[in-house]
Structure formats: structure tokens, C-alpha cells
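There are 2 protein chains.
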Amino acid sequence: MTRTETGPDTTAELPDEVSTPRDAATASAALEVDVAWLGEYLLGRWAEDRKASRALVSREEFQFVGNLSYQEHRARVLGQLHRLVEEDAVHRAFPKSLGGRDDHGGNIAAFEELVLADPSLQIKSGVQWGLFAAAILHLGTEEHHEKFLPDALSLAVPGAFAMTEIGHGSDVASVATTATYDEATDEWVIDTPFRAAWKEFLGNAALHGRAAVVFAQLITKGVNYGVHAIYVPIRDASGALLPGVSSEDDGLKGGLNGIDNGKLAFDHVRVPRTNLLNRYGSVDEHGDYSSPIESPGRRFFTMLGTLVQGRVSLDGASTLAAKAALHIAITYGSQRRQFTAGTSDEEVLLDYQRHQRRLLPRLAQTYAMSFAHEEFLDIFDRVFSGVEDTPATREDLETIAAALKPLSTWAGLEILQEAREACGGAGFMAENRLTQLRADLDIYATFEGDNNVLLQLVAKRLLTDYARKFKNADAGAMAQYVAGQVGEATVNRTGLRQLGQAIADFGSRARSVGFVRDEASQRQLLTDRVHTAVAELAGKLRPASKLSPADAAALFNRYQNDLILTARAHGELLQWEAFTRALAGVPEGDTKQVMTWLRDLFGLGLIEKDAAWYLTHGRLSGQRAEAITAYIDDRLLPRIRAHAVELVAAFGLTPELVRAPLASGGEQLRQDEARAYYAALRESGEAPVDEKSLRSAKKERPQSSR
Amino acid sequence: MTRTETGPDTTAELPDEVSTPRDAATASAALEVDVAWLGEYLLGRWAEDRKASRALVSREEFQFVGNLSYQEHRARVLGQLHRLVEEDAVHRAFPKSLGGRDDHGGNIAAFEELVLADPSLQIKSGVQWGLFAAAILHLGTEEHHEKFLPDALSLAVPGAFAMTEIGHGSDVASVATTATYDEATDEWVIDTPFRAAWKEFLGNAALHGRAAVVFAQLITKGVNYGVHAIYVPIRDASGALLPGVSSEDDGLKGGLNGIDNGKLAFDHVRVPRTNLLNRYGSVDEHGDYSSPIESPGRRFFTMLGTLVQGRVSLDGASTLAAKAALHIAITYGSQRRQFTAGTSDEEVLLDYQRHQRRLLPRLAQTYAMSFAHEEFLDIFDRVFSGVEDTPATREDLETIAAALKPLSTWAGLEILQEAREACGGAGFMAENRLTQLRADLDIYATFEGDNNVLLQLVAKRLLTDYARKFKNADAGAMAQYVAGQVGEATVNRTGLRQLGQAIADFGSRARSVGFVRDEASQRQLLTDRVHTAVAELAGKLRPASKLSPADAAALFNRYQNDLILTARAHGELLQWEAFTRALAGVPEGDTKQVMTWLRDLFGLGLIEKDAAWYLTHGRLSGQRAEAITAYIDDRLLPRIRAHAVELVAAFGLTPELVRAPLASGGEQLRQDEARAYYAALRESGEAPVDEKSLRSAKKERPQSSR
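Chains as they are written, first to last, in our numbering: chain A, 409 to 1114; chain B, 409 to 1114.
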């Protein structure tokens, strides 16, 4: 029956004569995944930095403990930060001259692993060295580095990154704090003009911060030069607020309670003119402004762009949390039994199709996230190390960040939740960590750029690239492109990847039997999904150029949701391509076969999720769409289930990193004990008879006695 | 453009000449929703009980306070339970002879409102009166009521409901605790034979419980009569564990930390024979077993069925939490501004299409959940009050419970999360309650029946009903039914609702222009979705009867995911029908118009979500599917956005019930202050000039000076 539904399997990789999920599982089980090799491969270019960080995370002193008040948790995490300094664990990104290593990629790799100790530790480190000190490094100049960085690096001066205000979060350009130059004293006057301008949600603001990098509208000689960053001391050595500085404590939060988030306000606080972090904008003693970047808009985005590493690290940390969640849920699911299924033995949870459907596509997604993150980190490193630092690579880096960070932070939350539910009540026990990790990572979806806002940036980039490509095309050609079926390659130059030739033969391959299973077909379907949606949106938004600003905005708003969905599809394509490139690096053999199935599960899962789009656009027939679902159910899930435990083992998460009793093997021990008990009871001859068998015996007896 | 895409709008309710979302919003804004009337309507049949409970919830003494250790939180909630007794707030379901009111529906209505105070308070009350005392009431007989209920009701004896074991949660029939009759002493010997048989996750077990209703395999004269409940004292008046009883504390959990969940084990603990709660199964002094229900299977399900009220109340509590979440997010979204959109004013969040897409379908869903819950509660009351207590109504009640509880508990979590993210960083602050409610309600998805397990029960019922209907049909007729397009009404008698005639004209209406918008079309699409899927599954599973048990189980497993998705679609249909019936009770006028749009958003949203199914099954053309999406975007969202604030106001959640500073109007005050500041600054003539305007002025100046 299955065979009829899915059509003949023409998968090239393996002669495939199986006809049931059980046969697929059995054939797959004969393959051997090289877990050790795969584990190293996953660790990637900065494996040593990751391992060093994991060694720290494995120590109790850095780990989260539950049932603390937020005050106690904050004190504990501050102490841990000092210990990280002592361990020389957090300065990789800084100049060698200041004790660092000028190693940007390695720094992020090591940093994101801290999430496994306690996300509060990760994020408070991020506030201190990834935001506060990094702003001094990237927005300041030599003088600032020498003057401010040593104390920031050593944690002698804990610092806040005072960008967000109560009134303006995503729209940083509109912050209302002002820094006005006073020529008379050669000082900046920092001021919070009203309540909505209070700086808000800042780590280190409530308690520990001694200074802040304050983002304010820079005003000199009656002109506002836009948002700039200024180094502002906020507390003295005793911890008392300096004159004119106010602070409020955000108190308890949904998670990350090891961080002292709070508010800051400034009432005409004065700092020296030279406290302006002036790499991208300076004011001289006469109050005259100058900048190496003439365009105010480009200057603003350049300054913000130096802070992209927060998004890089959240992408990596979310991927790690997803790995931990799947390690826990798949380990438990491979041991836990519940209900019988046609035999006297109870069934292992992971043998239930629904359980596979819940966890295995998430496993494929996590591998995709992991490989995409490694590429992302590599690009980040090339830009920040100066190896390939051009406006174009910076723009690409930011687009990738805006595409990947939303996908992985949302996926992290969803995977933690699915893992929690898949472990039932045990998943809800704090000791098993899933709930706390989820609570902590919740905010990852909206900080360092709200996910929905970031995806709009991606959509804008896709439209801009599209417009560049077609700037000489007349409207007719464009309309044809939009309306028609995409019949040939359209090389989307978002700078993110090269499409290659695969899409060229769309028409013919799309009709071939079994076409959905191979790499080229997945690529062409996923690519076409993005290209066509962008082209359609470009067509719909085309009238905007002739409308009033308000009407143009209304038109854009009408398609805002589509824009975001398209950006999301683009991010998924990036992940799929990264997985596929990583697959090319796996040597031929069993491991490559299993990894290919995993990649297929990711790719076909994306197509299945967006099936309605492919169907309405004539890219898939209904029969073909159903065949994809059947192929996932009949082949891919059983094949991957056979290796699920090895595939999470390759994440390399030792018991010290996982720390979930649920996944420690206790479940298996309990079951073994129970089985031994029942076996002994049966052997003793004292096992009670089941009422049901007694009843059927009774029913038979009267008959036979008649 | 919009018009071309969606086709002419033939909505019957209103002459509809608008052509843009803005026009749709403007026309809708002219309507007046009768918030007071709608609020009462939503409160339903047990409005008075709900109001009484809300009055209690409004008092600080019953409300959650943050940053407590779990030990402090537990002590606080225990104290609150005693106060609930003093307020006579928790005995409605119990017999008048014991101070109750014999009011089952009113009891649940009042109980579920407690979630607004603190879900720990709700669930700990549920453990005491909804599980422990209710088990005595429903599984015990007169003697037990007199002996045990007074102390259970007064909380003199806090009690645990000892059903779940570490080894068996969802599969209650397999619990391993034994109760063996000892004729010599006329006692039950309660025993925990191995670690997996420890009772686990029980509220009141760690600390406060003095007794437990223990579910154990009942063994007498060498025969196991299956799972029965026995009343077992576990602690003395000083709180010390009784001999043979062991307890472990579950400690910190992901939420609900006001409840002292823990484990219990019994080492040959003896209780009198008469402690067996023997309504459905008795043992006399000779050790002979008797039961009013002969079939062991039916007896077991009858006993479990008396505990359905847990599912009823979780459905209601999740719906209430969703209302609170939407109250918070929509209030904030209607005040908060961020980014400009073509004018100098910043845009209100809720005017962004994406924000509407995130929140307004959830609003429609919450109304559907609310109306469905009221019907559910009504059926529950009819069964439990004895007004309509038959095996058939009990079976229907359980199927409804198994269909609605998963949908609403999942929706509650999703809505709390979407609301959290829609409020950005402010949503993450504990004071705004979204994160804590989400953490507490997390476990609702897997307790009182794991959601995935419950949906399988629904699927089995759908298949059973289908099989009954076709038991005389030959295989050919069935195959035809399965394979073909459903051309005429198939009255699905799940006892849940009557289909009526709407589906009969499927063929013709499906082709008519604009058909998707009216009620009959929504009904037929949603109904057909369920019927066809059930028929298809029945066909696929048909060979099972000829297979070995193991092969049959494998075949069922192959379609487990489809079964669950079908059950889910069935539950959604139940919600849509409840909404539609409720709509019929709204008087003609503006309120009915807005409510109709809201129902349409729910119905069309379901069809949009399952578009791939409708497309692959030929129920919708691609063009029609796109028209549904366009209709939602162009008409329904803008129309409902115009009344979103009123629609959440109708939930009747006063500031004391919501308690989220985020939604208190502070955002509006801050914005007003900021605007006033900028207006005054402009008026003063001292506002700094923007660099950009300066730069364009400079560019112009050289030209004009030449």
C-alpha cells in the first residue's frame, strides 16, 4: 500500500527495496554512524574554543542552581563573571595589546557555550564584554581603548549598554536621550527629557554597573547629528549613584534572573567631550562635528552594525539549547516505554510515529541550524578580523544575522517546549532543566533585534536586490516575470550564496517521478519559493513609488505579513544550503547516508510545511505533496529513528553539560528492575491471575462442563 | 488590485463596497459593539459563580507574589486554601447534606476563575477538592462520604490523588502498586513493589497531605481485578509519615511552585477493607469481589470517567489565561507606537498588519474556545447532575473533553507566548504576568491526560463511529466512499453535534463565487475535512483486522500522526460550531455583525491553516485558497482591529484581575508626555536642527549663492 502511495523510490544514494517503515528502519539500523567523527565535525572551526568553554561549564561553580531569589542569583552570577576573568575565558575578541587574542570567531564560539552553564551567565557576560566593552572597542578609538577597556575587561568596572529606552526599543534612531555639547566647559550634557526616554531593560543598570555606554542624540551648535555613544560613569566605587544619575530595578523577570536589569535616567549629567566614542563621529573643542561617513543614515547603520555579534551569539546559543533539549528528549524517548502495541512488551516512545514526528524533524532542523551557524560565524570572523571587511560583506553579514537569529531563537523555544512535553511530567521538573532553559531563552526572540523586525530587514534586502537586478527592465518584462511560472534560473544575488544551475531544469525535473527526493530538486523548490515570492511582492509593491508616503506605507503594510513569511523562507533556504554544503564535507559511507536522510528530512519538511504555497503556485501537484508526506513517514522517520541516539550523541554533550536526571539512564534502570520483578513473580507461581483471563475461563468452563 | 484578487465580495451581512483595508477599517469603526451585553453573554450560564470567584481573586490575599522560594510559595497557597474554605468558595459540587450545593457546573465555573489569582492556587484547590475529595465522592459510597468527606472539605485532611507512578502516567491501567486483601485481618495491604511503582508528581504528597486516594491493582484470592482506589492515611496529625509510607519531595518545578508535589511509596501498608472506595467494585469479608459493571474494561473507564472534571476545568482555565494575555497584549498594542509609516506620527503597533495577524486570529480563537467551553460545561453539568446521565452522554462528554482540552491548553500557551513577544521586553518583566502564567500553564498540556494521548482517544472514537455507520456496507461501497470526493452529507454521529443539511450542496456551492465567506460554506468545508480524513483513515486501517496484533499495531502506528491531526480538526470543528451557535444568540445589530466577522476569522483561519489539505483533496482551488487569505488581510483583520479593544473589554477583566502595569495605560501617559515635550520644544524655537535637513540646506545654498 505504501509503495503505491509514494511511487517507486528512485533515491540515488541507496538501492531501496523496502516497503514498510519497519523494513526501512531495519535496513537503516545496519548502517554505522561514526559518532566521534561527526561530533568533531559539528564542533567546527573553533572546536578548541568550544571545548575550553565546555570544560568551564562542566564545573559546578559556573552552573545554575535553582530556588534562589533573584538577588541571590545575581550575586552568584557576578561572582562567576569574576571567575571567568580569572580563567581568561572572555577576552578572546580584544586586542592582543590588552591581553586579548584578536580572535572574533573563537570568542563567540566560546561565549555561546556558556548558555549550557546558565543563560544568565551567558547574557551577563554578553552585556559586559559583548556590548559594553565591545562598544568601547568598536565605536571608540585608541584613547578610549587605553583608558576604558582595561577596567571593562577585568570587570573592575561593570558596565551597562544603555541603548533601549522605555519609549523606543526596535526603533533605535528615535531614542530621546540627548547629549548636548557645552563649549564653555568642553563637556557633554547627558539628559533624559521625559519618562519615555529612560533607558530600560539594561543588564548591570540596577545594581552592579559603574559606567554605561549611553546612546543619545548628539547635539552641538544647535544641530542634532543623530544617535552616538558616550561613555558615562554612573556609580562610584562604593556603588552609590553619581549626581544626576537615577536608576530603578526591573526586579523579577520571566527568566535570566541572574542579571540585574534596570532603568537609568540622566538629569543634565556632565562628562568630558572626549568621552564620546568617536570612531564614526567626532566633535572638536569648538563644537564642530566631523565624521568619516558623510551620510547620516549609513553612519547610523555602520555604528549599529558593529554590534552584530549579539545576533551571532544568540543564533549559536539557541542552537546549543536545542541540542541539549533533543539530547534529553531523545535519550528519554529511546528508553521510556508506555502502552503495549500488539505484543506483551510495552512500546518505546520513540517507536511511536507521533513521537518521531515531534522530535526527528526538530533534530534535522537543529543540524541545519548548527551548520548554518558555523558558516555565519565564519563570515562574521572574516569581516571582524578584517580579512574580508567591505561594505558589501558587512551588509551580507547583517542580512544573514537578521535571517538566522529569528529562526534559531524561535526554534530553540519550540524545541525546548516540544522536548518538555515529550518528557511528560518529568520534563516539568526543574532538575531536568528544560523549563528553566525555555524561560531564560524566551527573551532571545525579542532582544538584540525583535524577530519580526529583523525579518522585515531581510525582506527589504530581498526586494532591494530584486529591484537592482531589474532596474533596467521595463514593466512588461517584470509583470511577465511575476505572473508566470519561473521557468529558468534567476540568480538571486543577495550575496548570501550562489544558486548554481539546479533551477534551470525546473520544468522537466518537476514532472519526473520521485523528483522530490534528490538534492537538486529540493534546492530548486526551496529557491523558487523565495524567488517567486519576492517577485510577486515586488510586483504588488510596485505602485508604491507613485503614491503619497502615507499611501505607500499602507500598501507596504498590506503585505507586511507576506514579506515576513518570505524572509523566513529565505532564512530556511540559507539553513538548507548550509546543511547541504556541510554534507558535501562528509566522507562517503554510512555516516554520509544517514546525514543525507537527515538533510532530506529537513528539506522535505520545509516543503511539506509550505505545501499550500507550492500547491497554489503549481509547483507541486496534490499527489506529489502527499508523496512527500508519505516518504517522510515511511522512509525518513524510521531510518533516522534508527540512529537518533547516535545523532544526539554527536552533539558531544556530556552528563556534566546536560545535567538532567531524566536523561541519565535512571528510566532504563527502573524498567529493568520492574521487568525482573515481574519475571520472578511469574516464576514463583504466585502471580495473581488477571480478572479478564479468569472471566474467559469461566465462560469456557460452563460450556465444557455441560 | 485587492478587488481583483478576492473577487466580488458577496458577504450577505453587509453591503460591502470597500476596496482597501483602510476603508474596511473605517466602515467597521462606525459600528458600535455593546460591550456590557457581550460581557454578560460571555460569562454564560454560571455568571454569578464566576463573578463571586472574581471578587475573591481581586483580593491581594489570594494573588500570586513573585520572588518567593518554593517553600514560601507553598505555605502561602496552603493558607489561601484555608481562606477559600472560610469563604465557602470550594464546596459547590458536594452534597447539600455536607454543606455543598450539588452544583457541578457552577463549581467548575467558579474554580477555573481561580487561575487569575495564581494557577498554583487553582491547581492545589483542584488536587484537594477536584481530585482527592471528588474521588471520595464519585468512587466512594455513602459510608465514605460521611467518614472522609467532611475533613477533606474543611481541609482538616489535605489529601493526595495517588494515581500516576514514575513508570506509568498516561497508561493508568498498568500502574504497579498493589492492594492485596488479607482475609485474616480484613485489611488491604498496599505495596510499592519497585521503584517504577512509586507514585509521582502528586500535589500534597511532599508536605501537606494527611491522606491519599491510592490507585492500585486490586488483588483478592489470587485474582487481580484491575485498578481501584483506596483511601490511605499517610501522615499523622503532627505531619510525620505513618509507618511504611515513604515520601520524596519533587522540589522546584517549571511552574506551579505553590504546590508541594512529591512521590509516595508504600511498604505493605495496611488499611481496613472498608477503605476501598467501592462504588464500582467491592470486596466482602470473605474476599469475594463484586461489581455493578461486569466488563473490567468498562468498569475501569467508568471509574476514570468520574474524573473528567479536571479536563473541563483546564479547558476553562486555559481559555481564561488566553483572555488575560490578549487583554494585556491588545491593550498595549493599541497604545504603543513604534516607527513612522509615511506620516510624522509614529504608528500604533496594532495598525501593523503583522501585529494584527499575530493577535487577532488568536482573539477569534479565544472567543471560540470560550463558547465551546460553555457548552462543554453545560454537558458536564447535565451528566454529573443526573439530568442526562447515560452511558452515551458520558461517552460523548469524554470525547468532547479529549478533543477540547488539548486544543485549549496548547492555545493558552501559544497565546501567552505570542502576547509576551508582542509586548517586547516589557512582556518579559514578571510584573506583567505573561511569563509566569505561561510557566504555570505549561504542564496543563500533559497532565489530566497528555494532549497527544487524548487526541488519539478522539480519533478512535471517530473511527468507531465511522465503523458503526458502515458496518453493513460492503468493502466496495466503503472504498468508493473513501476514494471519491465527498458528494453528499455524511451524518457523523459522534453524539457531539448534528450536521444538518449544509454539506448536501457541497458540489454546487463550492464552485460559486465568494462561497467561502458564508457560514454554510465554512461549515461544509470544516465538516468535510473531518469526515473525509476519517473515511480515508478507516480505509487505510481496514486491513488491520486481518493482521497479527503486532502488524495491526504497526499499521495503526503508520497513521498515528494523521489520526491525531484529524482529531485536532474535529476539535476545531466543535469550537467553530459552538461559536456559530453562540452567534445565533446575539441579537441583530452591530454587535452581531462584528461577532460574525470574528467567527469568520476563526473559520477561515482554520481553513487557511489546513489549506494544503483542502488543495490536495480538491476542495479548494489555488485561486480560492489565495482569496481566503486576501479576504482575511483586506477585510477581516482591519474590521476586527477597529473593535479589538472592545472585544477584549468584553472579557470583563478588571485591573485587579489583570494586574499588569503594561496594560494599565502608563504607556499612553508616557507618550502624551513625550509629545507635549516635543511640541513645547518646537514652540520655544530652541529645538535642534536635524543634521539631514541641514545637509540638504547646505547642498542648496551653494547653488543659490552662485
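Don't be surprised by glycine CBs; every beta carbon is placed ideally from N, CA and C.
Residue range of the alpha helix (DSSP H) that includes F964 of chain B:
Here the alpha helix (DSSP H) through F964 of chain B covers 957-966.
Here's a check: name, in chain order, each residue in its chain whose Cβ is nearer than 6 Å to the Cβ of V994 of chain A, leaving out the five neighbours to either side.
The answer, listed in chain order, is K1000, M1003.
Where does E1099 of chain B fall in DSSP's three states?
Residue state, collapsed to three classes: helix.
What did DSSP end up calling N632 of chain A once you bin it into helix, strand or coil?
The three-state reading of DSSP puts N632 of chain A in strand, counting E and B together.
Per DSSP, which residues does M837 of chain A bridge with? Please list them.
Looking at the DSSP output, M837 of chain A bridges to B:K661.
Quick one: which unbroken alpha helix (DSSP H) runs of 4-plus residues sit fully inside the stretch 1047-1072 of chain A? Chain order, please.
With a minimum length of 4 residues, the unbroken runs of alpha helix (DSSP H) contained wholly in the stretch 1047-1072 of chain A fall at 1052-1057, 1063-1066.
I'd like to know whether the C-beta atoms of I531 of chain B and L664 of chain B end up nearer to each other than 8 Å.
L664 of chain B is positioned such that its CB atom lies closer than 8 Å to that of I531 of chain B.
Within-8 Å CB hit, V631 of chain A to chain B
Taking CB atoms only, V631 of chain A has a neighbour in chain B less than 8 Å away.
Measure the C-alpha to C-alpha separation of R744 of chain B and A463 of chain A and round it to an integer number of angstroms.
Cα-Cα distance, rounded: 45 Å.
Express the C-alpha separation of T572 of chain B and E591 of chain B in angstroms, rounding to a whole number.
Cα to Cα, the separation comes out at about 28 Å.
Give the residues of chain B in contact with Q761 of chain A, contact being defined as C-beta atoms less than 7 Å apart.
Under the 7 Å cutoff, chain B gives N965, R966, Q968, N969.
Proximity of V638 of chain A and L685 of chain A at Cβ, strictly below 8 Å:
The amino acid occupying residue 638 of chain A in the given sequence is Ile; Val does not appear at that position. Yes, they are a contact pair.
Any beta-carbon of chain B closer than 8 Å to the one on K661 of chain A?
By this cut-off, K661 of chain A is an interface position.
Where does G997 of chain B sit, in a helix, a strand or coil, going by DSSP?
It is coil, neither helix nor strand.
Using a Cβ-Cβ cut-off of less than 7 Å, list which residues of the stretch 591-602 of chain A approach chain B; keep chain order.
Of all residues in the stretch 591-602 of chain A, P601, F602 have a Cβ within less than 7 Å of some Cβ in chain B.
Excluding the 5 residues flanking Y967 of chain B on each side, which residues of the same chain have their C-beta closer than 8 Å to its C-beta?
Taking C-beta separations shorter than 8 Å and ignoring five residues to either side along the sequence, the partners of Y967 of chain B in its chain run L945, K948, L949, following chain order.
Any beta-carbon of chain B closer than 8 Å to the one on T549 of chain A?
No, T549 of chain A does not count as interfacial toward chain B.
Between E551 of chain A and the rest of its own chain, which residues show a CB-CB distance below 6 Å, the 5 nearest in sequence each way excluded?
Closer than 6 Å at the Cβ level, and outside the excluded window around E551 of chain A, lies no residue.
Just to confirm before moving on: does the CB-CB distance between Y1085 of chain A and F602 of chain B stay below 8 Å?
Yes. Within cutoff.
If you measure from the beta carbon of E1091 of chain A to each beta carbon in chain B, is any gap under 8 Å?
With 8 Å as the cut-off, E1091 of chain A does not count as an interface residue toward chain B.
Whether A776 of chain A touches A986 of chain A by CB criterion (8 Å)
Taking 8 Å as the Cβ cut-off, A776 of chain A and A986 of chain A qualify as a contacting pair.
Check whether the stretch 1005-1023 of chain B and the stretch 792-803 of chain B are in contact - that is, three or more C-beta pairs closer than 8 Å.
With a cut-off of 8 Å, the stretch 792-803 of chain B and the stretch 1005-1023 of chain B do not count as touching, because too few Cβ pairs lie within range.
Which residue from A:F747, A:V583, A:I701 puts its Cα closest to that of V580 of chain B?
Comparing C-alpha distances from V580 of chain B to each of A:F747, A:V583, A:I701 shows the shortest one belongs to A:F747.
Could you tell me the alpha carbon to alpha carbon distance between E1091 of chain A and R681 of chain B, rounded to whole angstroms?
Taking the straight line joining both Cα atoms gives about 29 Å.
Exposed unless 16 or more other CB atoms sit within 10 angstroms - verdict on E1094 of chain A:
Counting Cβ neighbours within 10 Å, E1094 of chain A comes out exposed, since fewer than 16 surround it.
Which partner residues does L973 of chain B have in the DSSP bridge list?
Answer is none; L973 of chain B lacks a bridge partner.
Using CA atoms only, rank isn't needed, just tell me which of B:A977, B:L1089, B:R841 is closest to K661 of chain A.
Nearest C-alpha to K661 of chain A: B:R841.
CB contact flag (G534 of chain A, R618 of chain A, <8 Å)
With contacts defined as CB atoms closer than 8 Å, G534 of chain A and R618 of chain A fail to qualify as a contacting pair.
Do the stretch 1034-1047 of chain A and the stretch 760-771 of chain A touch if we need at least three Cβ pairs shorter than 8 Å?
The stretch 1034-1047 of chain A makes contact with the stretch 760-771 of chain A, as at least three CB pairs between them are under 8 Å.
Along the stretch 469-500 of chain A, what residues have a CB closer than 9 Å to any CB found in chain B?
Against chain B - using a Cβ distance shorter than 9 Å - the residues of the stretch 469-500 of chain A are G474, N475, L476, S477, Y478, Q479.
Count the other C-beta atoms from every protein chain shown that fall within 10 angstroms of the C-beta of R876 of chain B, then say buried if there are 16 or more, exposed otherwise.
The residue is exposed, with fewer than 16 neighbouring Cβ atoms inside 10 Å.
Interface flag, F540 of chain A vs chain B, CB-CB below 8 Å:
At a cut-off of 8 Å between beta carbons, F540 of chain A makes no contact with chain B.
Starting from the C-beta of Q471 of chain A, find all residues in its chain whose C-beta is less than 8 Å away, skip the five residues before and the five after it, and write them out in chain order.
Once the five neighbours on either side are set aside, the close Cβ partners of Q471 of chain A are V465, A525, D526, R1067.
Would you list, in sequence order, the uninterrupted beta strand (DSSP E) runs of no fewer than 3 residues that lie entirely inside the stretch 740-779 of chain B?
As far as the stretch 740-779 of chain B is concerned, its whole beta strand (DSSP E) runs of at least 3 residues are 745-748, 754-756.
Considering only C-alpha positions, which residue in the set B:V938, B:G1060, B:A604 is nearest to L1077 of chain A?
The residue from B:V938, B:G1060, B:A604 with its alpha-carbon nearest to that of L1077 of chain A is B:A604.
Check the DSSP bridge columns for Y697 of chain A and list the partner residues they point to.
Beta bridge pairing from DSSP links Y697 of chain A with A:V691.
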